[in-house]
Amino acid sequence: RTLPGIVQFLFQEQGFGGDKNNYYDPANSYIDQVLQTKRGIPITLGVITIEVARRCGVPLFGVGMPGHFLVGHREAEGVFVDPFEGKIIDQAAARTLFLTLHPTQEFRAEFLNETAPKAIVLRLLNNLRMIHLRDRGASELVSVLELLVCFDDCPIDEFHRLAVALDALGRTDEAARHLEKAAGRYRGTDAEQMRARATQLWARLN
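First residue of the sequence shown? That's 2 in this note's numbering, and the numbers climb one at a time after it.
The following block contains the structure:
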């Protein structure tokens with residue numbers, strides 16, 4: 002029950018790995034589907050790695066490096082897992098990976114700091130939001146946005162996106178209720194605009 006053993010079990014024996022052919026397939030961002038297909042993106046494969054390791058008593062944590070999620074080891078500083086490639090890397094390799102993805106940007110050591118579980122969930126949901134916006138998957142987008150707006154620090158734009166998506170699906174009453182609920186979380190012009198939009202939606206149902 003060591004990190005090398007877990008990496009070997011997941012990525013060699015079980016065959017998990019990064020989906021290099023269809024990276025932006027929505028299925029790669031849903032952990033339940035990744036468990037079935039054994040193909041995913043760095044963050045979903047990383048979460049699976051962390052949870053399997055936790056059950057084996059190996060303390061790992063998420064590393065939200067921009068552009069490529071990694072997994073760190075609490076008891077071995079500077080040791081990381083690249084879940085997309087299914088291998089253990091050091092800090093120098095992580096830096097090289099970042100610069101390969103972002104050749105015009107400067108690498109900073111804090112990119113390898115631990116990412117809180119809440120931030121990992123938000124990153125997963127934001128990935129799905131972007132995918133479903135691109136693919137025009139209205140019902141799927143609504144499901145993601147309904148989760149995003151549950152967070153206290155959710156940007157106000159997400160409430161507007163949710164209302165638009167619900168209205169497009171003919172769920173105008175739900176769109177209006179979400180806007181009214183959101184108006185209670187904000188003040189000033191933002192709240193007034195939400196209430197006004199909710200009133201417009203209700204009027205269409207009369």
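Just so it is clear, CB atoms sit at the ideal spot from N, CA and C, and this is done for glycine as well.
Here DSSP, grouped into helix, strand and coil, assigns D91 to strand. Between E159 and L149 a beta carbon distance of about 5 angstroms is seen, short of the 8 angstroms cut, so the two are scored as contacting. Residue range 118-136 is occupied by the alpha helix (DSSP H) that includes V122. With respect to L4, H74 sits close: the two C-beta atoms are nearer than 9 angstroms. Here P84 is buried: its Cβ has 16 or more other Cβ atoms, across all protein chains shown, within 10 Å. Excluding the 5 residues flanking it on each side, Q15 has same chain C-beta neighbours closer than 8 angstroms at K39, in chain order.
I32 places its beta carbon less than 9 angstroms from that of T45.
P104 is classed as exposed because its beta carbon has fewer than 16 other beta carbons within 10 Å across all chains shown. At a Cβ-Cβ threshold of 9 angstroms, P60 and F99 do not count as neighbours. Residues of the same chain with a CB within less than 7 angstroms of the CB of V53, apart from the 5 flanking positions on each side, are I7, L11 in chain order. Assigned with DSSP and collapsed to three states, G41 falls in strand.
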